[in-house]
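Chemist:
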Amino acid sequence: MNDNNKELNMYYNYTNYQFQLKDGFLTITCDVLFYMKNPSFERFGEIKSKEKKVLDIGEIMKEM
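Position one of the sequence shown corresponds to residue 0 (numbering that gives the first Met the number 0), numbered consecutively onward.
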């Protein structure tokens, strides 16, 4: 399944943010949980996958 299909068929939620400052650079990582879209209109269904992601500041502002 490619990323475009994954995002169309699933909701995702960023969680477990981790911050690391090293050599003057701030690295922000988080877990991305993917949930199947639930036909009963609940926000989240069963967790289908979990990925680690390195975020940049633009992505963080978009998700807030």
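Glycine included, C-beta positions come from ideal geometry on N, C-alpha and C.
#1: Below 8 Å on the Cβ atoms is my guess for K49 versus T28; work out the distance and round it to an integer in Å.
#2: Helix, strand or coil, according to DSSP, for K36 in the structure here?
#3: Take I46 as the anchor and find which of V31, L54, D55 has the nearest alpha-carbon.
#4: In this structure, does DSSP put D30 in helix, strand or coil?
Modeler: In short:
#1: So it is not a contact: roughly 13 Å between Cβ atoms.
#2: coil
#3: V31
#4: strand
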